[in-house]
Structures are given as C-alpha cells and as structure tokens.
Amino acid sequence: PVYRATTTAPVNIAVIKYWGKRDVTLNLPTNPSLSVTLSQRSLRTLTTASCSAKFPKDDTLSLNGKPQDISSSKRTLACLSNLRSLRQQLEAADSSLPKLSVLSLRIVSENNFPTAAGLASSAAGFAALVRAVADLYQLPQSATELSRIARQGSGSACRSLMGGYVAWRSGDLADGSDSLAEEVAPASHWPEMRALILVVSAEKKDVPSTEGMQTTVGTSELFARRVESVVPERMAAIEAAIRDRDFPKFAEITMRDSNTFHATCLDSWPPIFYMNDVSRAAVRLVHDINSAVGRTVCAYTFDAGPNAVIYYEEKDSALVAGTAKAILGSNTEGWGGPFYETLANVT
Ligand code: DP6
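If you want the working numbering, it's the position in the sequence shown, counting the first as 1, plus 246.
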C-alpha cells in the first residue's frame, strides 16, 4: 500500500524579529520573536507526504514541481530523522502498527507565492513538511512539541505550526529542548487585524537569512544591545498590546522592531541591505497616513527582503490599503504586487 497525508501551512510575519543564532546546528536563536500568522487563502504551502515499500530507496522531496536534493540539506534530514524516531517509538510500543518508519518517504510540496522572495516561504515550507509527515506517522505530539522539530528546518517555521499570535521562546538549554513556539493569543482574540503584503520584488534575496544573521552576530555592535535589552522589553510590551488589542502600541513596537533589525543589518560588516527605495517609500507612506489621520492606523514591517507587510485593522482598510495601493501601485518600478491578505481567523 501507499500511505499518505496532505496538509497546508500558513506564512507568518514577525513583528519582533528573529535575527541571530546562538547555535547554528540546532538552529537556536539569540532572542525570542513574535509573529502574526496569515490566512492560508492566498499564502500557503501545500504538502503531501507518502511512504511505501514500492518507492525508490531514498527519500525524495519536490518543491513546485522541481526535485530537491535532500541529501545535501542537513535541515531537511534533521527534521525527517526526528520525525522517524518518534514514529519508531510508536511502533516499538504497539506491534500492530505498520512499520512506516522503515519505508522511504515521498514529499511533494507546492507554494502559491514566490519562493525565497523574503516572503517567509521557508517558514510555511518546513511547517507543512513537519505537519504532513507527523500526520502520516499519526504522531500524538502537540503543535508546540512539533515546533522543536520545525525549528531545525528553519527558525521561523516553528511559528507557522499554529494560528493567531505566536511567540518563539528562545530557551536557555544547550540542547534546544526549551526553544519552542507557543500561541500567545488565537486569531479570534483580535479578528480585526489585517495585513497587506506589497510585493516589491519576487527575486531571490541577496543575502540568505542564515548567512546574514551570522554576519550580524559576528560584526554588529548594535546587535548586542538589541538582544540584551531591546527585544526582551519589546516582547513584554507587544504581548500586553495584543492582550489589550491596543493597535497604536502594537503598531509602534512593530515598526520600531523592523527598523532596529534593519539597523543591525546596516551596522553589520560588510553592511547588509534588504530594504530598497520602494520599501522606504512604503515606510514614508505609513508615517504620512498616520500623521494625516492623527492616530496610528497602520504599521509596516520588513523581513530579509524589500517586500513591505502593512498591518492595520479592518475598519481602516479602505483608508490604509486603498491609499497604499493607489499611491505605491501607480509610481513604482518593478512592482510585482500588491495583494491583499487577511489573518488566520479567515481560512
Ligand atoms: C527576518 O527563519 O528564514 O524573517 O532559521 O536560518 O532558516 P533560518 O532563518 P529564517 O529567518 C527569518 C528571519 C526574519 C525574521 C523572522 O521571521 O522572525
């Protein structure tokens, strides 16, 4: 027989950024981070995992129709071997279960958005891979327990295993067992939250996150301060803002943390630039909208690429999304988007 499980995983966009590793092999972060999970309607990875004695001996993975070389991806191998050993434990405890752990896996994955465009594709990708194989193996582990495995695929992936507002606790232990994601609030807690993604470029990013992080950790003087005091204070403050559904506070922390993250990139040696002129036009527009309205109605954030994500509340969508589309959409070069996105409460 062929055993099979299919799943989807959402993209998440951090408002407190993960940037820096304290352990590269286990993928342990230097600081905690917090993200908002986006709706899967327009951004998701769809993954099918199957296994069978009829498959070729080695595990295979294809992404958007292209075969990937698993043997050279330590991260994928780490995720699969963790999942296999959990399945082995189940099979050892119950001999009536089929021995799926000895069969080779075929994993087929597809994104409905540009891969590696700074759109957190690795987050949805590894979250979907881990979830699909965990479902195939009928593992009893919770999303938080599985986040330990997904983290080894890509740090941000651990936050895509759950919906709503998700924190990745950096943990203190050397083995990483306390470095995992947990839900801070479900999407239904603050269902008015919206995100607009402005796809400035669908090109592959200049400096991959892992490499960029290593440069920043090793060379930026600003970085140490970010890790020691800036991020811990912001984590506490943004969790309170989410609890109180205080948009102006949520927005200011989000924008400041994006700016601090990109400042540590600029402070790296050699400096790293992810934002471009179009990104900066989006920053100015958000500040202009907020000051014209006289209250904070929107916030920008940028990952390791030029694309802007703008958070706002549903009641302000005509104002924020309408203005952003009209102004940025009409006068920019190389504009690939924009497209709308709602949060995870809408599936
Ligand atoms: C800027 O999760 O892609 O998007 O762990 O090396 O795979 P690896 O890095 P990755 O880094 C994401 C960095 C970020 C911020 C964030 O998502 O928190």
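Beta carbons: idealized from backbone N, C-alpha and C, even for Gly.
Residue i vs residue j beta-carbon contact at 9 Å
{"i": "Arg415", "j": "Ala433", "result": "no"}
{"i": "Ser188", "j": "Arg440", "result": "Nothing about residue 188 can be reported from this structure: the residues present for the chain run from 247 to 593 only."}
{"i": "Asn553", "j": "Gly399", "result": "no"}
{"i": "Ile535", "j": "Val543", "result": "yes"}
{"i": "Glu356", "j": "Leu309", "result": "yes"}
{"i": "Ala380", "j": "Leu329", "result": "yes"}
{"i": "Asp315", "j": "Leu351", "result": "no"}
{"i": "Ala550", "j": "Ser455", "result": "yes"}
{"i": "Leu199", "j": "Tyr249", "result": "Limits of the chain in this structure are 247 at one end and 593 at the other, which puts residue 199 out of reach."}
{"i": "Ala572", "j": "Ile556", "result": "no"}
{"i": "Asn358", "j": "Val446", "result": "no"}
{"i": "Gly410", "j": "Glu429", "result": "yes"}
{"i": "Ala482", "j": "Lys495", "result": "no"}
{"i": "Thr283", "j": "Val412", "result": "yes"}
{"i": "Leu392", "j": "Leu307", "result": "no"}
{"i": "Ser425", "j": "Arg394", "result": "yes"}
{"i": "Leu468", "j": "Thr510", "result": "yes"}
{"i": "Val453", "j": "Thr461", "result": "yes"}
Exposure of residue i, with buried meaning 16 or more beta-carbon neighbours within 10 Å
{"i": "Val348", "result": "exposed"}
{"i": "Trp515", "result": "exposed"}
{"i": "Ala470", "result": "exposed"}
{"i": "Leu346", "result": "buried"}
{"i": "Gln286", "result": "buried"}
{"i": "Ile262", "result": "buried"}
{"i": "Leu444", "result": "buried"}
{"i": "Phe548", "result": "buried"}
{"i": "Thr253", "result": "buried"}
{"i": "Ala570", "result": "buried"}
{"i": "Gly464", "result": "exposed"}
{"i": "Ser537", "result": "exposed"}
{"i": "Thr271", "result": "exposed"}
{"i": "Phe519", "result": "exposed"}
{"i": "Leu419", "result": "exposed"}
{"i": "Ala363", "result": "Residue placement at Ala363 cannot be trusted, given a pLDDT of 49 that sits under 50; what the coordinates show is reported in the next sentence. Buried, by the Cβ-count rule."}
{"i": "Ala338", "result": "exposed"}
{"i": "Leu574", "result": "buried"}
{"i": "Gly540", "result": "exposed"}
{"i": "Ser388", "result": "exposed"}
{"i": "Gly311", "result": "exposed"}
{"i": "Ser327", "result": "exposed"}
{"i": "Arg397", "result": "buried"}
{"i": "Arg377", "result": "buried"}
{"i": "Val524", "result": "buried"}
{"i": "Pro247", "result": "exposed"}
{"i": "Arg489", "result": "exposed"}
{"i": "Gly568", "result": "exposed"}
Review point. Enumerated in chain order, which unbroken segments of the alpha helix (DSSP H) with a length of 4 residues or greater are wholly contained in the segment 454-537?
Key: Complete alpha helix (DSSP H) runs here, min 4: 455-465, 467-471, 477-489 and 493-512.
Review point. Would the segment 406-414 and the segment 254-266 be scored as touching if the rule is three or more Cβ pairs under 8 Å?
Key: yes
Check your understanding: Touch check for the segment 471-488 and the segment 275-282: three-plus C-beta pairs under 8 Å?
Key -> yes
Practice item. Within the segment 347-427, note down every full alpha helix (DSSP H) run reaching 4 residues or more, in order along the chain. Key: Entirely contained in the segment 347-427, the alpha helix (DSSP H) runs reaching 4 residues are, in chain order, 367-382 and 389-399.
Check your understanding: Are at least three pairs of beta-carbons, each pair with one atom in the segment 293-310 and one in the segment 265-272, less than 8 Å apart?
Key -> no
Check your understanding: Does the segment 300-319 touch the segment 490-503, meaning 3 or more C-beta pairs lie closer than 8 Å?
Key -> No contact exists between the segment 490-503 and the segment 300-319.
Check your understanding: Taking the runs of the beta strand (DSSP E) that are 3 residues or longer, which of them lie wholly in the segment 262-290?
Key -> 267-269 and 279-283
Check your understanding: For the segment 540-582, which segments carrying the beta strand (DSSP E) assignment without a break, of at least 3 residues, lie completely within its bounds, in sequence order?
Key -> 544-548 and 554-559
Exercise for review: At 3 residues or longer, and completely inside the segment 300-340: list those beta strand (DSSP E) runs for me, N to C.
Suggested key: 306-309 and 312-314
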